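>
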Amino acid sequence: MTDFVYDPPADAPKVLYLDDDILVAEKPSGLLTVPGRGEDKADCLIARLRALYPGVLLVHRLDLDTSGVIVFAMTPQAQVHLSRQFEERKTQKRYVALICGHPAETRGRIDLPLTVDWPNRPRQMVCHETGRPAQTDWKLLRHEGDNSRVVLKPLTGRSHQLRVHMLAMGHPILGDPLYATGEAAAYPRLMLHAEELRLRHPMTGEARSFRAPVPF
Numbered sequence: 035m036t037d038f039v040y041d042p043p044a045d046a047p048k049v050l051y052l053d054d055d056i057l058v059a060e061k062p063s064g065l066l067t068v069p070g071r072g073e074d075k076a077d078c079l080i081a082r083l084r085a086l087y088p089g090v091l092l093v094h095r096l097d098l099d100t101s102g103v104i105v106f107a108m109t110p111q112a113q114v115h116l117s118r119q120f121e122e123r124k125t126q127k128r129y130v131a132l133i134c135g136h137p138a139e140t141r142g143r144i145d146l147p148l149t150v151d152w153p154n155r156p157r158q159m160v161c162h163e164t165g166r167p168a169q170t171d172w173k174l175l176r177h178e179g180d181n182s183r184v185v186l187k188p189l190t191g192r193s194h195q196l197r198v199h200m201l202a203m204g205h206p207i208l209g210d211p212l213y214a215t216g217e218a219a220a221y222p223r224l225m226l227h228a229e230e231l232r233l234r235h236p237m238t239g240e241a242r243s244f245r246a247p248v249p250f
């Protein structure tokens with residue numbers, strides 16, 4: 035990744051929902067959720083949102099290359115409540131991905147522990163000795179030529195979990211700059227999108243669902 039140049043899209047943040055307690059946005063692919071190391075990586079989704087809504091607080095993140103639904107808190111109390119929902123796996127996340135090839139089955143659960151691949155950071159890898167538990171449910175939607183469109187539902191929230199689990203299954207996500215090779219890497223973006231996020235409103239307790247249409 036030494037030749038990586040951060041060139042985020044210039045589009046203004048897309049706010050899907052806003053009230054006194056939460057802000058739900060759609061993150062574009064190529065934009066950091068929070069600032070990276072160095073002044074050249076200061077531009078990010080939370081900075082753009084804070085320019086419009088100064089009270090925005092971080093709850094969770096999406097990878098640089100992943101697009102889709104992400105929630106922020108507007109008060110410290112909401113931040114604590116939402117963070118606890120993520121930690122206790124009470125949120126439900128639905129991703130859509132385009133993967134290389136055709137899986138042998140139509141659905142399944144991947145249960146492979148993950149850890150950082152230190153010599154090749156930020157890459158992650160499967161490791162049964164030191165990895166942290168990670169589970170992903172997947173379902174085939176349809177074949178698209180030599181590729182397949184799938185729904186991915188992470189049961190845990192490890193770094194790069196969906197990307198490494200698909201790679202381990204033999205079907206890397208198309209356009210992945212870290213894990214795809216050859217023709218599978220030759221796409222303008224990572225074909226992974228957080229389509230839906232379900233959670234409970236931190237103040238009312240109401241079950242809410244937020245969606246952003248898949249852009250590919």
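Residue numbers for the sequence shown follow the numbering used here, beginning at 35 and rising by one.
Ideal Cβ positions, reconstructed from N, Cα and C, are used throughout, including at glycine.
All values reported here derive from a predicted model rather than from experimental measurement.
Looking at the structure shown, is D74 part of a helix, part of a strand, or coil, going by DSSP?
Helix at D74.
> Could you check what DSSP says for L50 in three-state terms: helix, strand or coil?
If DSSP states are grouped into helix, strand and coil, L50 belongs with the strands.
> What runs of the beta strand (DSSP E), each 3 residues or longer, lie entirely inside the region 193-240?
If we require 3 residues or more, the beta strand (DSSP E) runs fully inside the region 193-240 come out as 226-234.
> Using CA atoms only, rank isn't needed, just tell me which of Q111, E217 and G70 is closest to D41.
Closest option to D41, Cα to Cα, is G70.
> Assuming F106 is part of the beta strand (DSSP E), what are its boundary residues?
S101 to A107 is the span of the beta strand (DSSP E), which, as asked, contains F106.
> Are the region 42-51 and the region 88-97 touching, with three or more C-beta to C-beta distances below 8 angstroms?
Counting Cβ pairs under 8 angstroms, fewer than three are found: no touch.
> Which term fits A76, buried or exposed, when burial requires 16 or more other beta carbons within 10 angstroms of its beta carbon?
A76 should be labelled exposed.
> What residue range does the alpha helix (DSSP H) around L83 cover?
Segment L79 to L86, the alpha helix (DSSP H) holding L83.
> By a C-beta neighbour count over all protein chains shown, 10 Å radius and 16 as the cutoff for buried, is A220 buried or exposed?
It counts as exposed.
> Please go through the same chain and pick out, in chain order, the residues whose beta-carbon is closer than 6 angstroms to the beta-carbon of P167, but skip the five residues on each side of it.
Only P147 meet the Cβ criterion.
> Candidates L189, E73 and K124: which alpha carbon is nearest V39's?
Here the closest residue by C-alpha is E73.
> Pop quiz: V103 and V58 are said to be a contact at Cβ under 8 angstroms. What is the actual Cβ separation, rounded to whole angstroms?
Indeed they touch by this definition, with Cβ atoms about 6 angstroms apart.
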